[in-house]
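For reference, the structure is listed below as structure tokens.
Number of protein chains: 2
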Amino acid sequence: MNALFNGAACNSELASSRGLHYGDGVFRTMLLWQGAVPDLRRQLDVLERDAARLELLPPPRALLEAEIASLCAREAAGVIKLILSRRAGGRGYRSEGDECDRLLLRLPAPRYPEACWEQGIRCAMSRVSLGDQPLLAGIKHLNRLEQVLASRHWPEDAEELFVCDARGLVVAGTRSNLFRVAEGRLWTSALERCGIRGMMRDKILELAEQLQIPVHFDDPTPDLLRQADEIFVSNSLIGLWPVREFDGTALAAPGPLTRRLAMALNHPRLEPIRE
Amino acid sequence: MNALFNGAACNSELASSRGLHYGDGVFRTMLLWQGAVPDLRRQLDVLERDAARLELLPPPRALLEAEIASLCAREAAGVIKLILSRRAGGRGYRSEGDECDRLLLRLPAPRYPEACWEQGIRCAMSRVSLGDQPLLAGIKHLNRLEQVLASRHWPEDAEELFVCDARGLVVAGTRSNLFRVAEGRLWTSALERCGIRGMMRDKILELAEQLQIPVHFDDPTPDLLRQADEIFVSNSLIGLWPVREFDGTALAAPGPLTRRLAMALNHPRLEPIRE
Chain A
1 MNALFNGAAC NSELASSRGL HYGDGVFRTM LLWQGAVPDL RRQLDVLERD AARLELLPPP
61 RALLEAEIAS LCAREAAGVI KLILSRRAGG RGYRSEGDEC DRLLLRLPAP RYPEACWEQG
121 IRCAMSRVSL GDQPLLAGIK HLNRLEQVLA SRHWPEDAEE LFVCDARGLV VAGTRSNLFR
181 VAEGRLWTSA LERCGIRGMM RDKILELAEQ LQIPVHFDDP TPDLLRQADE IFVSNSLIGL
241 WPVREFDGTA LAAPGPLTRR LAMALNHPRL EPIRE
Chain B
1 MNALFNGAAC NSELASSRGL HYGDGVFRTM LLWQGAVPDL RRQLDVLERD AARLELLPPP
61 RALLEAEIAS LCAREAAGVI KLILSRRAGG RGYRSEGDEC DRLLLRLPAP RYPEACWEQG
121 IRCAMSRVSL GDQPLLAGIK HLNRLEQVLA SRHWPEDAEE LFVCDARGLV VAGTRSNLFR
181 VAEGRLWTSA LERCGIRGMM RDKILELAEQ LQIPVHFDDP TPDLLRQADE IFVSNSLIGL
241 WPVREFDGTA LAAPGPLTRR LAMALNHPRL EPIRE
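Protein sequences, first through last, are from chains A and B. Residue 23 in our numbering is what sits at position 23 of the first sequence, and the numbering runs on without skipping anything. Residue 115 in our numbering is what sits at position 115 of the second sequence, and the numbering runs on without skipping anything.
Here it is in structure tokens:
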């Protein structure tokens, strides 16, 4: 016996996982809806893109698809979380290979008030800023302490908090990508210094292209964000939520362009709470 | 069954650990020597200091001490790794409490050539820079992807790599703290932007004070580091290693001040390989 978890002998391979020890891995948080993961192909595309950035070799797609299907079967709704972490080995931080362990979890679906989709959400600024690290920017990796810290001491009157980069420019929500509409165009962060390139962000950018909505990439100051015509946030679980209030400033929610994108997206609503 | 690890049902509590999912925790890597952890009090002091920074509540000291003693008993040498991670709960990044799970592992002792202590090591610069994040700087937390990336593609002729901060100033080794001797004084990074405040660094700084060696804090350029009279690195396993070559520049190793500190430190040598 050479491992104790909360005082009890522990032989789990997870105890030596490089995911646990270093956060040496990537993950996806995916909607489970009517027995399957919508956009699974996209999710696995993003997973492979992220894994390649860390020089991780994902398991064969067919294997992941089969295991995900087995967890989803006969479930109405939920969340599937997939973690790929570099297989234990090497000495300390030094790793020897690119092989991965995979962990799949089925979690209960979160429930949100229907008003989040219909009337929009209230957002505030987090006091936590994201550090610059271009080598990791955009990747949904397992080093998420900044998001954890940004999510502590959450104000009661906000459904999402926005985080700035080291320059004080607004990059994203703690668990969402951030879009604004200004001058008839759609704007979002390029995520080249920090932040996560979510699957839903990719999907919305593709939709915008199909709908011939011009897209620009930048990181606004909080003041510039406040002057936006519309703001919305996105992630794989919620699809898209309009923002009706940012840091005390009221916004049209949903604004016309947000509404157009939400209709085109047609994302399932996770067991809404009707208040 | 709602979790699969490499395809097999998995009921481990570790599967839902916030340590694995977010790196929401802290750790210590401690020398096991002749049935005990030398400097255990210091290690637990640093653990508590780090945990407080993340608003984590460590288990009672007596409990940790008893479990560590049980893993160390009758062992000649090895490594004890202690991971504290915030207990699962909350929604996504948002956590609900400060309670911790604890994982203790006993690992084999690494073996190093005796020359590392006697004649010193060769060091080079890593191509990976550490991002600035003052909120996390100094803490031995579980988000260590930067160190993992810095440790990939390790050159054959180096025993340690040095990493710069975002300004291009040298902060530390990938798995050690970095000291230099110049102008008769000892210099090391204040670690206020990035890097880890190791237990052995604290101990060496205290020793320097006892020996009336003046200490200054700064981050040198690689050029300034090259001009040092002496360089050495430290961590809990090795104690202290002189640096005999940095990026092609030869250095006195061990230099007189390094030798004085090493003698005062009197750190056990982990099963040296005699070549």
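Where a beta carbon is used, it is the ideal one built from N, C-alpha and C, also for glycine.
For the beta strand (DSSP E) containing residue i, name the first residue and the last one.
{"i": "residue 102 of chain A", "result": "100 to 107"}
{"i": "residue 172 of chain A", "result": "170 to 173"}
{"i": "residue 176 of chain A", "result": "Per DSSP, residue 176 of chain A belongs to no beta strand (DSSP E) and is neither H nor E."}
{"i": "residue 233 of chain B", "result": "230 to 235"}
{"i": "residue 185 of chain B", "result": "185 to 188"}
Quick check: the Cα distance between residue i and residue j, rounded to an integer number of angstroms?
{"i": "residue 135 of chain A", "j": "residue 102 of chain B", "result": "31 Å"}
{"i": "residue 125 of chain B", "j": "residue 96 of chain A", "result": "20 Å"}
{"i": "residue 145 of chain A", "j": "residue 25 of chain B", "result": "9 Å"}
{"i": "residue 278 of chain B", "j": "residue 65 of chain A", "result": "Residue 278 of chain B is absent from the structure shown; chain B starts at 1 and stops at 275."}
{"i": "residue 78 of chain A", "j": "residue 111 of chain B", "result": "48 Å"}
{"i": "residue 237 of chain B", "j": "residue 223 of chain A", "result": "50 Å"}
{"i": "residue 55 of chain B", "j": "residue 89 of chain A", "result": "31 Å"}
{"i": "residue 36 of chain B", "j": "residue 23 of chain A", "result": "29 Å"}
{"i": "residue 7 of chain A", "j": "residue 38 of chain A", "result": "41 Å"}
{"i": "residue 201 of chain B", "j": "residue 177 of chain B", "result": "6 Å"}
{"i": "residue 170 of chain B", "j": "residue 162 of chain B", "result": "7 Å"}
{"i": "residue 196 of chain A", "j": "residue 40 of chain A", "result": "18 Å"}
{"i": "residue 30 of chain A", "j": "residue 160 of chain B", "result": "40 Å"}
{"i": "residue 75 of chain A", "j": "residue 153 of chain A", "result": "34 Å"}
{"i": "residue 57 of chain A", "j": "residue 17 of chain A", "result": "16 Å"}
{"i": "residue 209 of chain B", "j": "residue 215 of chain B", "result": "8 Å"}
{"i": "residue 246 of chain A", "j": "residue 137 of chain A", "result": "25 Å"}
{"i": "residue 221 of chain B", "j": "residue 123 of chain B", "result": "15 Å"}
{"i": "residue 53 of chain B", "j": "residue 59 of chain B", "result": "15 Å"}
{"i": "residue 108 of chain A", "j": "residue 92 of chain B", "result": "12 Å"}
{"i": "residue 266 of chain B", "j": "residue 193 of chain A", "result": "44 Å"}
{"i": "residue 173 of chain B", "j": "residue 84 of chain B", "result": "24 Å"}
{"i": "residue 45 of chain B", "j": "residue 67 of chain A", "result": "44 Å"}
{"i": "residue 261 of chain B", "j": "residue 19 of chain B", "result": "36 Å"}
{"i": "residue 143 of chain A", "j": "residue 233 of chain A", "result": "22 Å"}
{"i": "residue 252 of chain A", "j": "residue 4 of chain B", "result": "44 Å"}
Return helix, strand or coil for residue i, following the three-state DSSP convention.
{"i": "residue 136 of chain B", "result": "coil"}
{"i": "residue 305 of chain B", "result": "Past the edges of chain B, shown from 1 to 275, lies residue 305 of chain B, and the structure says nothing about it."}
{"i": "residue 238 of chain B", "result": "coil"}
{"i": "residue 213 of chain B", "result": "coil"}
{"i": "residue 91 of chain A", "result": "strand"}
{"i": "residue 146 of chain A", "result": "helix"}
{"i": "residue 53 of chain B", "result": "helix"}
{"i": "residue 191 of chain B", "result": "coil"}
{"i": "residue 76 of chain B", "result": "coil"}
{"i": "residue 152 of chain B", "result": "coil"}
{"i": "residue 46 of chain B", "result": "helix"}
{"i": "residue 158 of chain A", "result": "coil"}
Name the DSSP beta bridge partners of residue i, please?
{"i": "residue 81 of chain A", "result": "A:29 and A:105"}
{"i": "residue 250 of chain A", "result": "A:245"}
{"i": "residue 262 of chain A", "result": "In the DSSP output, where bridge partners are listed per residue, residue 262 of chain A has none listed."}
{"i": "residue 129 of chain B", "result": "B:164"}
{"i": "residue 122 of chain A", "result": "A:245"}
{"i": "residue 36 of chain B", "result": "B:33"}
{"i": "residue 141 of chain B", "result": "B:26"}
{"i": "residue 277 of chain B", "result": "Outside the displayed span of chain B (1 to 275) sits residue 277 of chain B, for which this structure offers no information."}
{"i": "residue 4 of chain B", "result": "A:104 and B:9"}
{"i": "residue 86 of chain B", "result": "B:100"}
Under DSSP, the alpha helix (DSSP H) around residue i begins and ends at which residues?
{"i": "residue 19 of chain B", "result": "18 to 22"}
{"i": "residue 206 of chain B", "result": "199 to 210"}
{"i": "residue 70 of chain B", "result": "61 to 72"}
{"i": "residue 222 of chain A", "result": "222 to 226"}
Does any C-beta atom of chain D lie closer than 8 Å to the C-beta of residue i?
{"i": "residue 131 of chain A", "result": "This model lacks chain D altogether; the protein chains it does include are A and B."}
In chain order, what residues of the region 107 to 121 of chain A put their CB closer than 9 Å to some CB of chain B? 107 and 110
Identify each residue in the region 53 to 72 of chain A for which the Cβ-Cβ distance to at least one residue of chain B is less than 8 Å, and report them in chain order. 54, 55, 63, 67, 70 and 71
Against chain B, which members of the region 151 to 184 of chain A pass a CB distance test of less than 8 Å? Listed by position, the residues of the region 151 to 184 of chain A near chain B (Cβ gap below 8 Å) are 151, 152, 154, 166, 174 and 175.
Tell me which residues of the region 179 to 213 of chain B have at least one Cβ-Cβ distance to chain A shorter than 7 Å, keeping chain order. Residues passing the 7 Å Cβ filter: none.
Which residues of the region 7 to 39 of chain A have a Cβ closer than 9 Å to any Cβ of chain B? Give them in chain order. 7, 10, 12, 13, 14, 15, 16, 17, 18, 19, 20, 21, 22, 23, 24, 25, 27 and 29
Could you list the residues in the region 213 to 224 of chain A with a C-beta less than 8 Å from some C-beta on chain B, going in chain order? none
Members of the region 79 to 98 of chain A that neighbour chain B once the beta carbon cut-off is set at 9 Å: 81, 83, 85, 86, 90, 91, 92, 93, 94 and 95
Taking any Cβ of chain A, which residues in the region 134 to 145 of chain B have a Cβ under 8 Å from it, in chain order? 135, 136, 141, 142, 143, 144 and 145
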